[in-house]
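Novice: In the numbering used here, the protein residues as written are 128 to 995. Each residue gets a CB set at the ideal place from its N, CA and C atoms; glycine is no exception. Computed from a predicted structure; not experimentally measured. Below you'll find the structure I mean.
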């Protein structure tokens, strides 16, 4: 545990983080807190943080470094590691209330920069640019890379390709990467646009934690098992890449801070970073500075790009074209596409036209000049499509979204996007999906502002949002038909949805568009379209609850703010419920209770029985986790008639499960069995497979307690299979924990420990700290059963620490009782007595039957022989 901080300094009270609205303001308050705490050294703060983390069971590889701690205090930061900042705050001032203020402040600041977390990654490269000329010296250096891979120290081979905007950094990196894939044949390829430089504030630099989330998913980690904390994500990413040869392209990076967490940790990987900045601080990186084309390269590029147009006959015109474009590859490519489309024009005609444009527009930038000329020569429909596609707030656009924006049919939009690609105005990123170069998007969005009425631009964005909402609603109805009554009924959009033949297609659509859906929700909230933000949040609730918890908090928080600003009380209540349930899934019981209580007050104000019932039932679940069983029973009992009145079968069933859990804790097994059995029937009538699995899990756990072991095993295995079919990681981990308990009851410590370890790994991946204590206690019980009492003490100690942090009284009591058993087995009766005394106190507070059992153990260790 962290040592006590030095006495406070100049301030009577620590600095208030609540007023911070930016990362920089929060960093200033963190520096002030350091002074308030006596200005300890970074080394001392690091030691306190690592004491806490080691006590919580973190592996050595994930512990903080002095430089990492110091970076949190550095001015000019654009991102923060929330997990580390909270631990630093606790090291400087361990007061729980004050730490909670910092958690809330971090949430507020994070909400202000949520767009940094919206990023698209790829497991393949963009198309190889054709034609490609020049850069022979740079290509030669890059192509020699494979001979170095696997040699040297533990670092990957890193190339930093730097240069001004439009100079062809991405073109060079992608072309070199394609050659490397042919020559070196890597096992995995990863590509991401880090958005390091974009004039649009809606396109901020990508958060490395979000990039790691995307990389892990394309590397095969299910979304539910992506760790919540950035350090854990980075460790898992490096571990996965250590087993393969990987080629990683980090395009358009802002700085070393953004890149460093994304570097593999072994020399069998090759990394290419492109940026407008040099990156001297990256360890052992090979700089590859890129300048504009030479005179010869620029002319060769024009000749090849126009498929042999007779440029050699007019070298003067060719020189004028290259000079007008500033010898920038982006500008030259756009002009070359225009030349190829006008075979009747001579090169001199094109050069004259560019000179005219320069004189009329007084343009200096070659890219803008080329864009202007290319745009004016596009057909009218393609000009409109370019303008409207540039309004998309996300990173990519496909035919459906473009059709909605341009108000045309999907086939026409798809054909138009492909024509714009051939004009070098769009970049292909995947089949049927395109991205803008940031300079092209800024230009096209400017044309939209100049040529489209504000009302038409607004209408285009509404059509686009209507499309995403309708498509998401269609996918959710396929995936979760039993909860359709809880989602808003969304009318069909003017743009048709992609075909979805079944659950696999529906899930694939949602995973593909997940980032776009987040962006569209944020954009709707920011632009005052509160109804869209609230509807998207409600529609996607169950999808995000399947493991995308960070995304869920972002989306639901946007909906909450939008509903509050617009006066939508019902929408505000629903958003509070969605945030509360997500917090509950993460084991964050305090925030969960706060949001659900707020939802209950709002739902009562507008007389919304469904929202009232959901808030009551989930508040009951929070109270159960906190060990307040009488209060929990009252809340669930109040929720049940509301669900019955509204005909909500799934709501009734889940409330019955929750009441059964409470009855099982009080050893009223017959009543619990009846509740679970009735709930199972309701879930099956509603077609809710996840609910069916939950009921089977609880029935199996109950049957194990009463000695029906064969039936328990069947129930639990059926539940596990259903949870895995529906990709419900939370349910899978809970069922594994139940199976572990069954193996303990059967006297099988090996299989029990295997189940508990699997459950613990998933709980940690999900960020569910509250449930971690379950499996840690289970591991302690399995260790004691195997005769490893010392190991059991360690597991129960970790469980108690985790349970204390989350406020879980029942798991704290279980941990102290388990530790008492282990100390008794070790012959340390004094410590066993202390453990049993604390366990008894906690069980008496809970009012559960375990108190009688612990009282007997306590009497036994107090007996003359210590054995009773």
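Whose C-beta lies closer than 7 Å to the C-beta of residue 445 among residues of the same chain, with five residues either side of it excluded?
Specialist: 426, 429, 438 and 474
Novice: Compare the Cα-Cα distances from residue 809 to each of 704, 646 and 609 and report the closest residue.
Specialist: 609
Novice: Do residue 338 and residue 319 have their beta-carbon atoms positioned less than 7 Å apart in this structure?
Specialist: yes
Novice: Residue 933 and residue 979 look like a contact to me (Cβ under 8 Å); what is the Cβ gap, rounded to whole Å?
Specialist: Actually they are not in contact, since the Cβ atoms of residue 933 and residue 979 sit about 26 Å apart, beyond 8 Å.
Novice: Is there contact here, the region 731 to 751 with the region 955 to 968, by at least three beta-carbon pairs under 8 Å?
Specialist: no
Novice: Does DSSP classify residue 324 as helix, strand or coil?
Specialist: coil
Novice: Note the first and the last residue of the continuous beta strand (DSSP E) segment covering residue 286.
Specialist: 284 to 289
Novice: Mind checking who residue 561 pairs with in its DSSP beta bridge?
Specialist: 524 and 555
Novice: Starting from residue 378, follow its DSSP beta bridges and name the residues at the other end.
Specialist: 320
Novice: Apply the 10 Å Cβ neighbour rule to residue 861 and answer buried if 16 or more other Cβ atoms are within range, or exposed otherwise.
Specialist: Buried, because 16 or more other Cβ atoms sit within 10 Å of the Cβ of residue 861.
Novice: For residue 699, count the other beta carbons within 10 Å of its own beta carbon; 16 or more makes it buried, fewer makes it exposed. Which is it?
Specialist: buried
Novice: Near residue 866, which residues of its chain fall below 6 Å by C-beta distance, leaving aside the five closest residues on each side in sequence?
Specialist: The answer, listed in chain order, is 843 and 882.
Novice: Please report the distance separating the alpha-carbon of residue 666 from that of residue 799.
Specialist: 33 Å
Novice: Please report how far the alpha carbon of residue 794 lies from the alpha carbon of residue 171, in whole angstroms.
Specialist: 49 Å
Novice: If we count the other Cβ atoms within 10 Å of its Cβ and call it buried at 16 or more, is residue 173 buried or exposed?
Specialist: buried
Novice: Comparing alpha-carbon positions, which option in 251, 879, 752 and 919 lies nearest residue 317?
Specialist: 251
Novice: With 16 as the cutoff for other CB atoms within 10 Å, does residue 214 come out buried or exposed?
Specialist: buried
Novice: Under 8 Å: do the region 570 to 585 and the region 635 to 646 share three or more Cβ pairs, one atom per stretch?
Specialist: no
Novice: Under three-state DSSP, which class holds residue 345?
Specialist: helix
Novice: Quick check: the region 898 to 908 against the region 938 to 957, are there 3 or more CB pairs under 8 Å?
Specialist: Counting C-beta pairs with one atom in each stretch, the region 898 to 908 and the region 938 to 957 have three or more that are closer than 8 Å, which means they touch.
Novice: I'd like to confirm the pairing. Which residues does DSSP put opposite residue 399 in its beta bridges?
Specialist: Bridge partners of residue 399: 286 and 376.
Novice: Thinking just about the alpha-carbon of each residue, which of 353, 341 and 298 is nearest to the one in residue 402?
Specialist: The shortest C-alpha separation from residue 402 is found at 298.
Novice: According to the Cβ coordinates, are residue 785 and residue 747 closer than 7 Å?
Specialist: yes
Novice: Leaving out the 5 sequence neighbours to the left and right, which residues in its chain are closer than 6 Å to residue 668 when beta-carbon positions are compared?
Specialist: 705
Novice: Count the CB pairs spanning the region 584 to 601 and the region 615 to 624 that are closer than 8 Å, and state whether there are at least three.
Specialist: yes
Novice: Suppose contacts are defined by Cβ-Cβ distances below 7 Å. Is residue 501 in contact with residue 466 by that definition?
Specialist: no
Novice: In three-state DSSP terms, what is residue 981?
Specialist: In the structure shown, the three-state DSSP call for residue 981 is helix.
Novice: Considering only residues of the region 876 to 944, which uninterrupted alpha helix (DSSP H) runs meet the minimum length of 4 residues and lie entirely inside it, listed in chain order?
Specialist: 876 to 893, 896 to 912 and 916 to 933
Novice: Just to check my reading of the structure: residue 69 and residue 606 have Cβ atoms closer than 8 Å, yes? What is that Cβ distance to the nearest angstrom?
Specialist: Past the boundaries of the shown model lies residue 69; the chain is included only from 128 to 995, so the question cannot be answered.
Novice: Using three-state DSSP, classify residue 647 as helix, strand or coil.
Specialist: helix
Novice: Is residue 491 helix, strand or coil when you go by DSSP?
Specialist: Any reading at residue 491 is ruled out, since the residue's pLDDT is 43, under 50, leaving its predicted position unreliable.
Novice: Beta-carbon within less than 7 Å of residue 759's beta-carbon, same chain only, minus the 5 sequence neighbours each way: which residues are those?
Specialist: 747, 750, 751 and 789
Novice: Are the beta-carbon atoms of residue 395 and residue 372 separated by less than 7 Å?
Specialist: Against a cut-off of 7 Å, the Cβ pair of residue 372 and residue 395 comes out as a contact.
Novice: Got a sec, what are the start and stop residues for the alpha helix (DSSP H) residue 414 sits in?
Specialist: Segment 413 to 416 is the beta strand (DSSP E) holding residue 414; no alpha helix (DSSP H) there.
Novice: Hey, quick one: how far does the alpha helix (DSSP H) through residue 473 stretch, first residue to last?
Specialist: Residue 473 -> no alpha helix (DSSP H), and no H or E assigned at all.
Novice: Kindly list the residues whose CB is nearer than 6 Å to the CB of residue 381, restricted to its own chain and excluding five residues on each side of it in sequence; keep chain order.
Specialist: 323 and 332
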